[in-house]
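Heads up: the sequence shown runs through residues 1 to 828, numbered per the UniProt record's numbering.
Let me begin by presenting the structure, written as structure tokens, before commenting on it.
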Amino acid sequence: MHTPHPPAGQASTSDKTTSPQVEHGPGAHGPGSAHQVTPLHDPVCGMAVSGDSPHRVEHAGATQVFCSARCLEKFVAEPDRYLAPVQATAAVPSAPGGHGAHHGEHAAPAASASQATGAPSRAGMLYTCPMHPEIRQDHPGTCPKCGMALEPELPSLEDDDNPELKDFSRRFWWTLPLSVVVMLLAMAGHRLHLFDMATQSWVELVLAAPVVLWAGAPFFQRGWQSLVHRSPNMWTLIGLGTGAAFVYSVVATVAPGVFPASFVSMGRVNVYFEAAAVIISLTLLGQMLELRARSQTSAAIRSLLGLAPKTARRVREDGTEEDVPLTHVQVGDRLRVRPGEKVPVDGIVLEGASALDESMLTGEPLPVTKRAGDRLIGATLNTSGALLMRCERVGTDSVLSQIVQMVAQAQRSKAPLQRMADGVAGWFVLAVVGVAIVTFFAWGLFGPAQGWVFGLINAVSVLIIACPCALGLATPMSIMVATGRGASQGILFRDAAAIENLRKVDTLIVDKTGTLTEGRPAFDRVVPAEGFAAEEVLRLAASLDQGSEHPLADAIVRQAREQGIALDAVEQFDSGSGIGVQGRVAGRSLALGNTALMARLGVAVEVLAAPAEALRREGASVMHLAVEDRLAGLLAVSDPVKASTPEALSALHAAGIRIVMATGDGVTTARAVAARLGIDEVHGEVKPEDKLALVERLQAEGRVVAMAGDGINDAPALARADVGIAMGTGTDVAMNSAQVTLVKGDLRGIAVARGLSQATVANMRQNLAFALVYNGLGVPLAAGVLYPLTGWLLSPMFAALAMSLSSASVVGNALRLRAQRINPGRTG
1 MHTPHPPAGQ ASTSDKTTSP QVEHGPGAHG PGSAHQVTPL HDPVCGMAVS
51 GDSPHRVEHA GATQVFCSAR CLEKFVAEPD RYLAPVQATA AVPSAPGGHG
101 AHHGEHAAPA ASASQATGAP SRAGMLYTCP MHPEIRQDHP GTCPKCGMAL
151 EPELPSLEDD DNPELKDFSR RFWWTLPLSV VVMLLAMAGH RLHLFDMATQ
201 SWVELVLAAP VVLWAGAPFF QRGWQSLVHR SPNMWTLIGL GTGAAFVYSV
251 VATVAPGVFP ASFVSMGRVN VYFEAAAVII SLTLLGQMLE LRARSQTSAA
301 IRSLLGLAPK TARRVREDGT EEDVPLTHVQ VGDRLRVRPG EKVPVDGIVL
351 EGASALDESM LTGEPLPVTK RAGDRLIGAT LNTSGALLMR CERVGTDSVL
401 SQIVQMVAQA QRSKAPLQRM ADGVAGWFVL AVVGVAIVTF FAWGLFGPAQ
451 GWVFGLINAV SVLIIACPCA LGLATPMSIM VATGRGASQG ILFRDAAAIE
501 NLRKVDTLIV DKTGTLTEGR PAFDRVVPAE GFAAEEVLRL AASLDQGSEH
551 PLADAIVRQA REQGIALDAV EQFDSGSGIG VQGRVAGRSL ALGNTALMAR
601 LGVAVEVLAA PAEALRREGA SVMHLAVEDR LAGLLAVSDP VKASTPEALS
651 ALHAAGIRIV MATGDGVTTA RAVAARLGID EVHGEVKPED KLALVERLQA
701 EGRVVAMAGD GINDAPALAR ADVGIAMGTG TDVAMNSAQV TLVKGDLRGI
751 AVARGLSQAT VANMRQNLAF ALVYNGLGVP LAAGVLYPLT GWLLSPMFAA
801 LAMSLSSASV VGNALRLRAQ RINPGRTG
């Protein structure tokens, strides 16, 4: 697996105040410019910004880039406000492989210190918003856009406590009795005759004040921040609704004479302390339910983190053994793995043989036999024999660490559907406030007696029942659960867009070696040309191939070493052509590759054309060796088709996907393999640029193309495809270029991933539909639209209960994905 790129630094700005100079158009500072360009985020709103955004300004020797002209205007008016130290960006790693910019995910400015919850932050921990993943900072706080509490970007096994959940629980349980009592007084106090009605108003005020002013304080703070940041959200509505009810009731209690007689009922001006208090309590309850449910979306990452053993058994140079903490293991250490133990780190088997259970990382249900020379993945379970291994990767370089990082990155990315929901949510809040104002005046001006009182209560109900939080959570919760489930089955999604796009794929381009085949080819034979001996041809080819990581090259090198052939050093090695390799061995210029490479070099291959064609018809991969531009011989390597490939292709065909094979092997070999597997279209002897051109041609025909490959030569096509799928058994370059990685390298994972994509998008649509229907029905009901026909009105307390449960229900629906049956063969 690959290692994430190091953090990108934030461009510094000068402390002295300078006048911003607006630049127009992208590229105002080209290469060689002395000006420093800040990372791609808007310093005003924190949104990710494209590098070619025309909205930019020069300030204090740095170029600031903005998402819109409005944010640029705000910055120009008050640049120091947005460059204050408390808003410095927390530097974070890019997505594995450095493709964050391509998918629109960048570091964003941290929220100000005033938003901190006071919870301690762990060293190196980053916090982000589940609804707005571009918001990241190095301490707890609340999101400046939606007001939600920021969550650790990567969950920790050591600290499962959620400080916001603990805080809300304390506020809820301490004030719940007060809310219950004030509600009972409001409902039955006039019947019990405990006080006169004026005195009862004062008693309700005393009981409700701690609930509203203390228990509801976080809601009012977030509501105020939403106004300050001009980012209306659910806290705007809750703050306005409960604040209006409480302030009105306080004035009615303290100065009842300011109200007209129509406001008086049963000897006092109507007060609504019970509505304000119960709304706060129910909102707290809803937040507690939501926070508990949201914590389950991180269960997959926690389970991955829990796989790693805590210690390793290290073998010293003198043969003695010791148990050491896993953090003390270094690359090159020899480790003993006994039966029943977990493999501590990634490495290679030196001695022994055993069956390993890799299902927790790869989704492979059956144990895999490992012998000397085979690779081991850390955290997998050794089921039978003892192994001696050499450590090759530790810490963040390990497969497990990379899986955790990729899952976390995918969970915090935005799906295209979410971007739509985000755009709707902001306008939705403003529309709700407008509806509440219209409701108040419509009831007051045209309603029955006490119409202004009805207007106030119905306006509060409108504000409370509308819940943009449910709309905002609809897609990120589904993405978090889906990426976790995918990881448990050996499918790693780079980002949310990959999940959403995979279901649309109708054409799959596959490489042959390492994708359709085992990727561990066995050497077949050498066919020398006249004037060359077979052993010399093998020695020269193996010497040249020492610099290649291609599976075919590995088979040739392995065969030479098994025969005890001494290899020479290779110089000026070049594998950039994608159709073979070149270099110098023992002072001679060598080239090893297919007929396309030979044609490029002007090497005549006709003399061995017949035996080469016969080998290809048998399904072998044939390589030509040229020495000083003269054909020296052929080397044939056979790579058996994976046992799972026919089943995988059958499932993909059943899903309506067209399969296209593009390989650097000869056309005859490619056709022989394609015929056995029922592949729809075959391209042989293709170069990397040919694979890229094939992807572009199919896209131009209107097809949605996925590319599956495992080698360096596949990287351009993987990056260009609508969805790039890398085999986890392949090269780092391939995985860096792909949006989906199959840890096991099994094509059956594509069908499963596509089925999961379909189920996830369906789940997101269900959540969005629920949120929209809920608000579409709830807001008119709360406004009293049905009152003339049915006499129905919605109490603010019931509105609060419905609002609180709406977000929890969205999260609950997303959690269904964890157990939902995935049908890989389904079309759609």
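From the three backbone atoms N, C-alpha and C, an ideal C-beta is built for every residue, glycine too.
Computed from a prediction, not measured in an experiment: that's the story for all the values here.
Item                                                                                                                                                                   : Value
Rounding to the nearest angstrom, what Cα-Cα distance links Asp722 and Arg703 in this structure?                                                                       : 9 Å
Is the separation between the beta-carbon of Glu500 and that of Val761 shorter than 7 Å?                                                                               : yes
Among Ile491, Ala769, Asp554 and Val537, which residue has its Cα nearest to the Cα of Leu590?                                                                         : Val537
Just the Cα atoms here: how many angstroms apart are Met183 and Val278?                                                                                                : 7 Å
Exposed or buried, which one is Ser384 when buried takes at least 16 other CB atoms within 10 Å?                                                                       : exposed
For the candidate residues Val44, Ala69, Arg56 and His55, whose alpha-carbon lies nearest to that of Asp80?                                                            : Val44
Give the straight-line distance between the Cα atoms of Leu388 and Asp318, rounded to the nearest whole angstrom.                                                      : 15 Å
Name, in chain order, the residues that DSSP records as bridge partners for Asp574.                                                                                    : Gln582
Helix or strand or just coil, what does DSSP make of Lys310?                                                                                                           : coil
With distances taken between CB atoms, is the gap from Val527 to Pro640 smaller than 7 Å?                                                                              : no
Can you tell me which of the three DSSP states Leu213 falls into?                                                                                                      : helix
What's the call for Gln287, buried or exposed, on a 16-neighbour Cβ count within 10 Å?                                                                                 : buried
Residue range of the alpha helix (DSSP H) that Met598 falls in?                                                                                                        : Thr595 to Leu601
Roughly how many angstroms separate the alpha carbons of Gly373 and Arg558, rounded to a whole number?                                                                 : 11 Å
Can you give me the start and stop residues for the beta strand (DSSP E) that Gln64 sits inside?                                                                       : Ala62 to Val65
With a threshold of 16 other CB atoms inside 10 Å of the CB of Arg314, please say whether the residue is buried or exposed.                                            : buried
How many Å lie between Ala654 and Ala751 at the Cα?                                                                                                                    : 10 Å
Have a look at Leu625, Glu562, Ser543 and Glu606 and flag the residue whose alpha-carbon is nearest the alpha-carbon of Ile579.                                        : Leu625
Using a Cβ distance threshold of 8 Å, determine whether the segment 232 to 242 contacts the segment 433 to 448, with at least three qualifying pairs required.         : yes
Using the Cα positions of Val773 and Cys143, report the straight-line distance between them to the nearest angstrom.                                                   : 26 Å
Using 8 Å as the Cβ pair cut-off and three pairs as the minimum, do the segment 780 to 789 and the segment 437 to 455 touch?                                           : yes
Judging by CA-CA distance, which residue of Val743, Pro688 and Gly728 is the nearest neighbour of Ala719?                                                              : Pro688
Report yes or no: do three or more beta-carbon pairs, one from the segment 389 to 403 and one from the segment 338 to 348, lie closer than 8 Å?                        : yes
For the candidate residues Gly812, Ser543, Leu777 and Glu78, whose alpha-carbon lies nearest to that of Glu571?                                                        : Ser543
If we count Cβ pairs, one from each stretch, closer than 8 Å, do we get three or more for the segment 242 to 257 versus the segment 753 to 767?                        : no
Assuming Ala186 and Glu204 make a contact with CB atoms under 8 Å, what is their CB distance in whole Å?                                                               : 7 Å
Return the CA-CA distance between Val247 and Pro210, expressed in angstroms with no decimal places.                                                                    : 14 Å
For a test of your reading of the model: does the CB of Val585 fall under 6 Å from any non-hydrogen atom of the ligand SAM? Yes or no.                                 : What this structure holds is no ligand at all, so the ligand SAM is not there to describe.
Suppose you measure from the CA of Val258 to the CA of Ala252; what does that come to, to the nearest Å?                                                               : 8 Å
For the beta strand (DSSP E) holding Ser249, just list the boundary residues, first then last.                                                                         : Run containing Ser249: none in the beta strand (DSSP E); it sits in the alpha helix (DSSP H), Met234 to Val254.
Contact between the segment 646 to 660 and the segment 616 to 631 is defined here as three or more beta-carbon pairs at a separation below 8 Å; is this criterion met? : no
Just confirm the distance between the C-beta atoms of Ala726 and Asp746, as a whole number of angstroms; I'd bet it's less than 8 Å.                                   : Incorrect: roughly 13 Å between the Cβ atoms, too far for contact.
Terminal residues of the continuous beta strand (DSSP E) containing Gly633?                                                                                            : Arg630 to Ser638
Express the C-alpha separation of Gln699 and Val705 in angstroms, rounding to a whole number.                                                                          : 7 Å
Check for me: the beta strand (DSSP E) holding Val526 runs from which residue to which?                                                                                : Ala522 to Pro528
Please state whether DSSP places Pro96 in a helix, a strand or coil.                                                                                                   : Unreliable placement is indicated for Pro96, whose pLDDT of 32 sits below 50; the coordinate value is still reported in the next sentence. Pro96: coil per DSSP, three-state reduction.
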